[in-house]
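Numbering (our numbering), first residue to last: 37 to 216.
Cβ coordinates follow ideal geometry from the N, Cα and C atoms, glycine included.
One structure below.
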């Protein structure tokens with residue numbers, strides 16, 4: 037997509053039944069995962085918004101069910117110039133963006149069943165961190181450390197060297213995380 041955007045979507049439908057055809061609870065019928073990634077490799081910037089969406093779990097024989105819930109997270113990161121085979125990323129992340137609370141079993145009318153805890157959700161959490169990137173393979177690291185130039189004649193002899201060298205050069209220019 038334009039502007040460095042890359043969406044990702046996953047959906048699952050789950051229906052469990054007994055041999056007689058009665059629905060069995062335990063898992064949500066509908067669940068999904070959404071992610072919108074923005075990246076600017078030239079500036080070493082990345083940001084993403086992720087959502088996990090879980091539908092309600094079908095009622096059990098007593099009529100109780102687990103209500104639906106969504107969980108959202110956001111992250112921004114900046115890659116700083118590396119030294120040889122190493123690079124440094126600084127990131128900030130917020131988990132449980134909308135501060136959803138724990139999910140309890142609910143009665144048929146939607147009121148929580150006290151003491152019937154179902155899903156523990158950590159409160160809104162803020163994180164900042166530093167990530168040290170390293171070259172993916174020993175061969176890549178050796179090429180970087182020795183600064184071995186890859187000529188077009190040598191590329192014709194060994195495509196493996198050229199593949200490794202092109203990956204290393206791409207990593208040096210835009211960052212390892214941007215190639216994934």
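**Asked** Taking buried to mean at least 16 other C-beta atoms within 10 Å of its own C-beta, is residue 62 buried or exposed?
**Response** Indexing the chain shown from 1 puts residue 62 at position 26. It is exposed - the Cβ of residue 62 has fewer than 16 other Cβ atoms within 10 Å.
**Request:** Could you tell me whether the Cβ atoms of residue 64 and residue 50 are closer together than 8 Å?
**Result:** Position 28 of the chain shown holds residue 64. Position 14 of the chain shown holds residue 50. Cβ atoms of residue 64 and residue 50: closer than 8 Å.
**Item:** Proximity to residue 105 [Cα-Cα], best of 122, 141, 161
**Value:** By 1-based counting over the chain shown, the position of residue 105 is 69. Nearest of 122, 141, 161 to residue 105, Cα basis: 141.
**Asked** So which of 92, 151, 166 has the shortest CA-CA distance to residue 126?
**Response** Along the chain shown, read from residue 1 onward, the residue named residue 126 stands at position 90. Nearest option by C-alpha distance: 166.
**Asked** Is residue 43 helix, strand or coil when you go by DSSP?
**Response** Working through the chain shown from its first residue, we reach residue 43 at position 7. Here residue 43 sits in strand by DSSP.
**Message:** For residue 70 and residue 163, what's the separation of their Cα atoms in angstroms?
**Reply:** Looking up residue 70 in the chain shown gives position 34. Looking up residue 163 in the chain shown gives position 127. Roughly 21 Å between the two C-alpha positions.
**Request:** Grab the span of the beta strand (DSSP E) containing residue 76 for me, first residue to last.
**Result:** Along the chain shown, read from residue 1 onward, the residue named residue 76 stands at position 40. That run of the beta strand (DSSP E) goes 66-76.
**Prompt:** Looking only at its own chain, which residues have a Cβ that is under 8 Å from the Cβ of residue 157, when we skip the five neighbours before and after it?
**Reply:** One-based indexing of the chain shown puts residue 157 at position 121. Taken in chain order, the residues that qualify are 105, 107, 132, 136, 137, 138, 139.
**Prompt:** Can you tell me the Cα-Cα spacing of residue 168 and residue 129, whole angstroms?
**Reply:** The residue given as residue 168 occupies position 132 in the chain shown. The residue given as residue 129 occupies position 93 in the chain shown. Residue 168 and residue 129: Cα-Cα distance of roughly 17 Å.
**Message:** Quick check: what's the CA-CA separation for residue 145 versus residue 95?
**Reply:** Sequence index remark: in the chain shown, residue 145 carries index 109 (1-based). Sequence index remark: in the chain shown, residue 95 carries index 59 (1-based). Straight-line Cα distance between these residues: approximately 11 Å.
**Request:** Just confirm the distance between the C-beta atoms of residue 115 and residue 80, as a whole number of angstroms; I'd bet it's less than 8 Å.
**Result:** Against the chain shown, residue 115 aligns to sequence position 79. Against the chain shown, residue 80 aligns to sequence position 44. Contact flag correct, Cβ pair sits at about 4 Å.
**Asked** Tell me which same chain residues have a C-beta within less than 7 Å of the C-beta of residue 188, skipping the five on either side of it?
**Response** Numbered from its first residue, the chain shown carries residue 188 at position 152. With a pLDDT of 41 at residue 188, under the threshold of 50, the modelled position of that residue is not reliable, and the figure given next carries that caveat. Here residue 188 has no same chain residue with a Cβ atom under 7 Å from its own Cβ, once five neighbours each way along the sequence are excluded.
**Message:** Taking 7 Å as the limit between beta carbons, can you name the residues of its chain near residue 46, skipping five residues before and five after?
**Reply:** Locating residue 46 in the chain shown gives position 10, where the first residue counts as 1. Closer than 7 Å at Cβ, skipping near neighbours: 68, 69.
**Asked** Between residue 149 and the rest of its own chain, which residues show a CB-CB distance below 8 Å, the 5 nearest in sequence each way excluded?
**Response** If you number the chain shown from 1, residue 149 lands on position 113. Around residue 149: 100, 140, 141, 142, 143.
**Message:** Quick check on residue 38: does DSSP put it in helix, strand or coil?
**Reply:** For this step, residue 38 is matched to residue 2 along the chain shown. Helix.
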